[in-house]
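So the protein lines, in turn, are chains A and B.
When we follow our numbering, the leftmost residue of the first sequence carries the number 2, and every step to the right adds one.
When we follow our numbering, the leftmost residue of the second sequence carries the number 2, and every step to the right adds one.
Number of protein chains: 2
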Amino acid sequence: MRLDSEEAFLELVDRYFPRMRRGDAGGRGDDCAVIPCRERLCISSDLFLEGVHFSRAYFSPRDVGYKSLAVNISDIAAMAAEPEGFLLNLLLPAEVPDGFWPEYFLGLAELAEEYGLYLAGGDLSRSGQLGMGITIWGSPNGFVPRGGGRTGDLLFLLGEPGLSAAGLDVLGRGRDPSEFPEAVKAHLRPSLYVRQARQLGACPGITALMDVSDGLAMDVPRILAPGTGAELRLGREDLHPEVVACARLQGISAVELAFRGGEEYALLGAIDPSFRGRLHDLAPEAQIVGEIVQGEGLSLNGAQVQIQGFDHMRGG
Amino acid sequence: MRLDSEEAFLELVDRYFPRMRRGDAGGRGDDCAVIPCRERLCISSDLFLEGVHFSRAYFSPRDVGYKSLAVNISDIAAMAAEPEGFLLNLLLPAEVPDGFWPEYFLGLAELAEEYGLYLAGGDLSRSGQLGMGITIWGSPNGFVPRGGGRTGDLLFLLGEPGLSAAGLDVLGRGRDPSEFPEAVKAHLRPSLYVRQARQLGACPGITALMDVSDGLAMDVPRILAPGTGAELRLGREDLHPEVVACARLQGISAVELAFRGGEEYALLGAIDPSFRGRLHDLAPEAQIVGEIVQGEGLSLNGAQVQIQGFDHMRGG
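This is the structure in structure tokens:
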């Protein structure tokens with residue numbers, strides 16, 4: 002199949018995404034998609050660009066498909082919402098081989114099916130850079146914003162801090178990926194916490210939820226209500242062994258790697274300590290990483306830290 | 002002001018878009034925006050890329066701001082819906098001067114204010130190519146899909162066919178823009194038909210509406226119900242004088258330019274002929290350009306035409 006026209010490309014999309022095909026009123030191909038909603042919708046849009054968010058040197062086309070959608074699903078999970086549908090904007094350089102795209106759509110469709118998501122529409126254009134922009138939406142379930150963490154709340158994490166950053170280091174430096182299988186997977190195909198987040202969102206003790214896309218150092222301050230700070234405790238013994246091993250190769254502290262590493266898509270939350278048992282029931286994998294205290298500032302294992310993390314303008 | 006960090010950039014955005022600022026729950030800066038809706042939402046996403054959709058050689062930064070949103074508003078109008086809010090993804094090459102962005106946001110905010118639109122969120126990333134991806138939504142008013150035109154319906158147009166294509170030709174070839182002021186304006190700052198489309202959408206005789214983004218040659222077939230065709234009548238005397246003048250300079254027929262020219266964002270509709278008077282009342286500027294007939298095929302002024310228009314993969 003030659004993808005030399007818009008028509009050929011749209012036929013390929015129809016093959017992987019049978020719902021809301023072209024020709025359906027309000028489906029793909031109409032001026033707008035017409036989607037169902039109830040009172041409020043959570044909506045988010047993210048770019049996923051080659052050279053910034055991924056590299057074809059170590060992302061397979063199928064991994065690109067998976068992760069381009071996964072980072073968006075993570076945003077919906079962070080609102081304790083249920084993902085429902087998405088729009089896909091594709092930037093198509095002429096030099097990308099046609100064979101890339103069926104694999105890309107396969108990775109995208111596999112993840113979409115896992116969460117029951119439909120592709121409602123989008124746009125495609127020739128461009129100088131390979132990339133995607135995905136807009137995702139879902140219904141909130143009494144949504145939980147970011148900045149609601151109160152003094153005395155415990156901070157918890159679903160996901161392994163530093164593991165994706167370790168994976169990026171392994172892949173980017175050409176280290177042997179078979180020695181870091183879970184780190185590599187965390188970077189290429191991050192775990193998602195949609196079900197856990199929805200259950201936690203319905204728990205009255207939860208005061209804030211967010212996804213850690215820029216690293217704990219930058220994201221922990223964002224979960225705090227004004228006038229509060231956080232005391233984080235991250236022990237080397239709490240970290241994933243591949244984080245510890247990768248930090249040793251890099252000659253940095255494993256705790257530092259876990260604290261600064263971005264693109265984790267872990268779920269960070271704040272909870273009233275009297276609901277600690279409920280947290281354990283709903284999400285046994287949740288790890289308590291600190292607590293919220295009065296007065297602004299951030300400390301890590303007792304030492305005050307300067308806040309500096311991942312900045313999308315400065316690259317990373 | 003130096004736009005050397007994500008923070009500086011987001012502060013600039015907050016200055017132009019005060020609603021749903023960062024810090025508001027479910028506003029910009031949260032994992033998702035939380036937006037109100039009723040039962041159904043019309044939603045659309047489009048790319049607007051330098052070198053494909055615009056050139057800084059003749060688009061001022063403010064024009065880029067205007068048009069990047071206008072093409073999206075046109076999609077909402079084409080559903081006879083009311084535009085409400087949007088998400089903005091920005092691709093930011095390091096070489097674009099900081100002074101571009103306040104002007105860009107000014108053009109964007111002016112148009113957003115005209116239609117009462119709020120900016121709910123988005124993403125930004127360094128990239129090799131300047132561009133935007135905008136996702137827009139609005140509430141449908143008993144939405145009117147594309148492919149509903151029936152045998153006997155009249156085809157009508159709001160907007161001047163070929164005028165934007167003429168403007169692109171003038172700008173792209175470096176002809177004197179002061180001799181083609183309306184063509185240039187149609188290309189840089191296309192007119193929108195939101196109010197008229199909403200009123201037409203509520204008229205029972207309307208069977209289909211869409212925006213002509215790829216040119217009449219490609220878009221007329223899309224408005225037709227299966228098994229129907231169209232007989233188009235476009236007289237040289239019906240065309241804008243700047244279209245006629247530009248076609249003469251290009252050495253092509255003005256009717257051909259009007260028929261093939263893309264990126265018009267004119268509004269194309271089909272209406273039961275017994276509602277012709279109502280059409281004239283609701284949109285006096287509507288021009289009847291033909292009618293729908295039994296049997297597939299497209300004719301222009303009595304001659305059968307091959308369908309070939311603007312293809313985003315082939316460039317244009």
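For every residue, glycine included, the Cβ atom is placed at its ideal position computed from N, Cα and C.
Nothing here was measured: the structure is a model prediction, and the numbers come from that model.
No Cβ-Cβ contact shorter than 9 angstroms links Gly149/B with Leu120/B.
Under the three-state reduction of DSSP output, Met219/B falls in the helix class. Look at Pro19/A: its C-beta is not under 9 angstroms from any C-beta on chain B. The beta carbon of Arg147/B sits closer than 7 angstroms to those of Ala209, Met211, Arg223, Ile224, all from its chain and outside the five residues before and after it, given in chain order. Nearest neighbour of Ser275/A by Cα position, chosen from Leu155/A, Glu104/A, Val14/A, turns out to be Leu155/A. Bridge pairing for Tyr119/B: Gly86/B [DSSP]. With contact defined as three or more Cβ pairs closer than 8 angstroms, the stretch 28 to 40 of chain A and the stretch 104 to 117 of chain A are not in contact. If you compare the alpha carbons of Asn142/B, Ala226/B, Gly228/B with that of Ala79/B, the shortest gap goes to Asn142/B. Around Gly163/A, the same chain offers Val244, Leu258, Ala259, Gly262 as residues with beta carbons nearer than 6 angstroms, after the five sequence neighbours per side are excluded. Interface criterion not met: the Cβ of Ile293/B is under 9 angstroms from no Cβ in chain A. Note that the C-beta distance between Gly123/A and Asn90/A is below 9 angstroms. Around the beta-carbon of Ser45/A, 16 or more other beta-carbon atoms lie within 10 Å, marking it buried.
Contact between Leu233/A and Ile135/A fails: their C-beta atoms lie close to 31 angstroms from each other, not under 8 angstroms. Ranking Gln307/A, Leu268/A, Ile207/A, Pro182/A by CA distance to the CA of His241/A puts Pro182/A first. Closest in alpha carbon position to His188/B, among Ala198/B, Arg196/B, Ala166/B, Thr229/B, is Ala166/B.
Gln197/B counts as buried, since no fewer than 16 other beta carbons sit within 10 angstroms of its beta carbon.
Counting only Cβ-Cβ distances below 9 angstroms, Ala267/B has no contacts in chain A at all, with the closest Cβ about 13 angstroms away.
In this chain, Asp273/A is not harboured by any beta strand (DSSP E), its DSSP state being neither H nor E. A distance below 9 angstroms separates the beta carbons of Leu217/A and Leu235/A. Residue pairing of Glu51/A in beta bridges, as defined by DSSP: Phe55/A. Counting of Cβ neighbours within 10 angstroms places Gly66/B among the buried residues, the total reaching 16 or more. At least one CB atom of chain A sits nearer than 9 angstroms to the CB of Ile77/B. When Cβ-Cβ separations below 9 angstroms define contact, Ala34/A makes contact with chain B.
Chain B places no beta carbon closer than 9 angstroms to that of Glu111/A, leaving this residue out of the contacts. CA-to-CA, the gap between Trp102/B and Glu12/B works out to about 12 angstroms. About 14 angstroms separates the beta carbon of Glu7/A from that of Leu92/A, a gap too long to meet the 8 angstroms contact definition. His54/A has a beta carbon lying within less than 9 angstroms of a beta carbon in chain B.
The alpha-carbon of Asp99/A is positioned some 51 angstroms away from that of Arg277/A. Using a CB distance below 8 angstroms, the part of the stretch 37 to 51 of chain B facing chain A consists of Pro37, Cys38, Arg39, Glu40, Arg41, Leu42, Cys43, Ile44, Ser45, Ser46, Asp47, Leu48, Leu50, ordered along the chain. According to DSSP, Leu225/A shares a beta bridge with Gly150/A. The Cβ-Cβ distance between Ser128/A and Arg39/A does not fall below 9 angstroms. The alpha carbon of Gly303/B has as its nearest neighbour, out of Asp64/B, Gly168/B, Val256/B, the alpha carbon of Val256/B. Under the Cβ criterion of 9 angstroms, Ser165/A is not counted among the residues facing chain B. Taken atom to atom, the span from the alpha-carbon of Val145/A to that of Pro37/B is near 16 angstroms. In this structure, Ala113/A is the residue among Leu158/A, Asp170/A, Ala113/A with its C-alpha nearest to the C-alpha of Pro19/A. The residue among Ser75/A, Leu4/A, Leu159/A, Ser56/A with its C-alpha nearest the C-alpha of Leu131/A is Ser56/A.
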